[in-house]
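Contents: one structure, followed by commentary.
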Amino acid sequence: MARRSTGTAIVLGLGLGLFLSGRAPEPTAFVGGAAALSGGSRTQMRALTRKVEDTEQVKGLESPLKIYMKALVDAAAKKGESVPVTKDIMKVRKFYKLILDDQLEITQKYLDLINGQASVEMTDVGRAEEISKMMGMESTVLPGFFRFLAKKRRFNGLSMIADYYMEELYKEQNIVPARVTSAQALTEDQKESIKAKMKKITGADDIKLVSSVNADLLGGFKVEYNFLDADNMRGPENALDYSLKTVLQKAAVGKGVLLDELQDAVDTGR
């Protein structure tokens, strides 16, 4: 086990050295990228992209989605609640994800409110206010925005507006999320080095780096970025892979050697 740990650390160091030296492999399309999103999320993303492109590029107009998002941004700025509103938007996105995954006890209550079954006498605005309470908003702006959408009969577009809000926030601040997965835990210095390199690769002002450990990589690390859903880091479109597992897989394919045999050799040091 000690021998494997030492070998893993050496491979991680070599991979980091190649990465920082600029001898990085060409960014590859991440095989699990778009497919990593649920069918509904992918469809929503594509529909959103087409809608924005059609209205802004072809017709020269702003989409309703962008108009409502900008109205929310302006209202938050006027009230001095830009930070609380952003936190609330994150709550909205998390809430809808839990609803889709059926992980909330209040899912049925929410669906009843959306479908108008909770009370035949409740107005759309009343339903919006109840949903706002369920989400636990911190700002005063977002509950008002809920009521505004309900009056315009656009409340069913709330989740898409929230998604678009976060995407635009990352673009405006030029922040690029990146996820690094390594065979061993990275040190803070290593993380900072990776962030600095990713800034050069992406041209970002800042990198939102999330790290995790996966011993199955055997050694080294991989970096995923250009996510379809930047805030939740889902659907990476590019990846840089310096993992020993990938090296072994390529060697196995090239030489016709079984990957299990190669991995066993690494584990035993023979």
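Taken in order, the sequence shown gives residues 12 to 281; the numbers are from the working numbering. Using N, Cα and C, we set each Cβ at its ideal position, and we do this for glycine too. Note that the coordinates shown come from a computational prediction; the quantities given were computed from them, not determined experimentally.
In this chain, the beta strand (DSSP E) harbouring S193 covers I186 to S193. When only Cα atoms are considered, A82 and F166 end up about 14 Å apart. Contact check for S150 and V234: beta-carbon distance about 34 Å, past the 8 Å limit, so the pair fails to qualify.
Residue ranges of uninterrupted alpha helix (DSSP H) with 4 or more members, entirely inside the region 102-143 and ordered along the chain, are 118-126. With 16 or more other CB atoms across the displayed protein chains lying within 10 angstroms of its CB, G231 is buried. Linking K98 to D123 through their CA atoms gives a straight-line distance of about 26 Å. As computed with DSSP, R245 is found in a beta bridge with D240. Taking each of M177, V84 and S143 in turn and checking the Cα distance to M244, the smallest one comes out for M177. If you draw a straight line from the Cα of G147 to the Cα of E132, it comes to about 24 Å. The alpha-carbon separation between Y107 and S170 amounts to approximately 7 Å. Taking all protein chains in view, the Cβ of K256 is crowded by 16 or more other Cβ atoms within 10 Å, so the residue is classified as buried.
In terms of Cβ geometry, I142 and F159 do not form a close pair [threshold 8 Å].
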